[in-house]
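**Q**
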Amino acid sequence: MIKKGIKLIKNGKRIDGRLAKQLRDMEMKIDVISTADGSAKVKFGNTIAIASVRGPRALFPRHLQESQTGILRCKYAMAPFSVDERKSPAPNRRSIEISKVTRLALGPTTFLEDFPKTVIDVFIEIIQADGSTRVAGINASSIALTSAGVPMRDLVSACSVGKINGTLVVDLNGEEDNNSEADVAFAILPSKDEVTLLQMDGLLTKDELIELLNLAKDSCKKICELQKGVLREKYKSE
Ligand code: CDP
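Heads up: the sequence shown at position 225 corresponds to 211 in our numbering, and the numbers run straight through without jumps.
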């Protein structure tokens, strides 16, 4: 979204006290939903995403099955209490789009072709929204899928980057996102260096975009280490 005139950076610090290239405090937790095959909670500052995975399991009704491959279904939703004003629980254009790009961001990491006629369901619930919810949801989904035992080519790590008050920043919070000159959502398979999500809103020069993509890549590498850390913890204790 492009709005001008709002001071988001003062004396080199952002409204939440961060430096331009600083991520918010991040927390990750695995297996937070006991009824799921795998689940995870990811916190980026005040943004909290929960991902719950079911499957691979036989897909019904049968006419939805694909004989040569499994199907990945993703559903992103914001809880009514996740924002200041009540958010309608009904799907809207934004949540349908985010569900689709989440599926596209996660798809390349799964071996769906090895699970014909099945479905893997990924449900993402944003319980607190303060910017970068789609990427928080993708990070949570990636570790939830791993924790569910779904074979994966790589993890998927995601972050947002953007431009606020002429400065290039990482991990936008809600106010920054709503008043940014540009914001970019980015996801990567970190070991394979394969980009699976790239969305941009606003205007950037080519050089700014290149710099932001490098920043996003570096941030995703840090996020990947956190993802690996919680997964290692889980398997160490089992
Ligand atoms: O959340 P993300 O940055 O992935 O997507 P966005 O569509 O750019 O939304 C930016 C932010 O606006 C969200 O993270 C929420 O903090 C806020 N938002 C809101 O307050 N109410 C909505 N219905 C949708 C978004």
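Where is the CB? At the ideal position from N, CA and C, for every residue including glycine.
Name the DSSP beta bridge partners of residue 104, please?
**A** In the sequence shown, counting from the first residue as 1, residue 104 sits at position 118. Partner(s): 44.
**Q** Tell me, to the nearest whole angstrom, how far the beta carbon of residue 171 is from that of residue 146; I am working on the premise that it is less than 8 Å.
**A** As a first step, residue 171 is located in the sequence shown; it is residue number 185 there, counting from the start. As a first step, residue 146 is located in the sequence shown; it is residue number 160 there, counting from the start. Indeed they touch by this definition, with Cβ atoms about 5 Å apart.
**Q** Inspect the beta-carbon positions of residue 135 and residue 24 and report whether they are closer than 8 Å.
**A** Mapped onto the sequence shown, residue 135 falls at position 149. Mapped onto the sequence shown, residue 24 falls at position 38. Yes, Cβ-Cβ distance for residue 135 and residue 24 is below 8 Å.
**Q** Thinking just about the alpha-carbon of each residue, which of 140, 178 and 88 is nearest to the one in residue 214?
**A** Counted from its first residue, the sequence shown places residue 214 at position 228. When each option's Cα is compared against that of residue 214, the closest is 140.
**Q** What's the call for residue 27, buried or exposed, on a 16-neighbour Cβ count within 10 Å?
**A** The residue given as residue 27 occupies position 41 in the sequence shown. With 16 or more Cβ atoms within 10 Å of its Cβ, residue 27 is classed as buried.
**Q** Taking 8 Å as the cut-off, does the segment 193 to 212 touch the segment 103 to 120 (at least 3 CB pairs, one atom from each stretch)?
**A** Not touching, per the Cβ criterion.
**Q** If you draw a straight line from the alpha carbon of residue 151 to that of residue 55, how long is it in whole angstroms?
**A** Position 165 of the sequence shown, counting from 1, holds the residue named residue 151. Position 69 of the sequence shown, counting from 1, holds the residue named residue 55. Cα to Cα, residue 151 sits roughly 47 Å from residue 55.
**Q** Beta carbon of residue 174, beta carbon of residue 203: below 8 Å?
**A** Counting from 1 along the sequence shown, the entry for residue 174 is found at position 188. Counting from 1 along the sequence shown, the entry for residue 203 is found at position 217. Yes; because the gap between Cβ atoms is below 8 Å, this pair is in contact.
**Q** Quick check on residue 3 - is its C-beta less than 8 Å from some C-beta in chain D?
**A** In the structure shown, chain D does not exist; there is a single protein chain.
**Q** Go to residue 161, then tell me how far its alpha helix (DSSP H) extends in each direction, as first and last residue.
**A** For the purposes of this step, residue 161 is taken as residue 175 along the sequence shown, with counting starting at 1. Residues 160 to 164.
**Q** In terms of residue numbering, what span does the alpha helix (DSSP H) encompassing residue 80 cover?
**A** Position 94 of the sequence shown holds residue 80. Per DSSP, residue 80 belongs to the alpha helix (DSSP H) from 79 to 92.
**Q** Would the C-beta of residue 31 count as close to the ligand CDP, meaning under 7 Å from any of its heavy atoms?
**A** Mapped onto the sequence shown, residue 31 falls at position 45. Outside the cutoff, so no.
**Q** If I follow the unbroken beta strand (DSSP E) through residue 183, where does it start and stop?
**A** Residue mapping note: residue 183 aligns to position 197 of the sequence shown, counting from 1. Its beta strand (DSSP E) spans residues 180 to 188.
**Q** Helix, strand or coil: how does DSSP classify residue 128 here?
**A** Mapped onto the sequence shown, residue 128 falls at position 142. Of the three classes helix, strand and coil, the one that applies to residue 128 here is helix, per DSSP.
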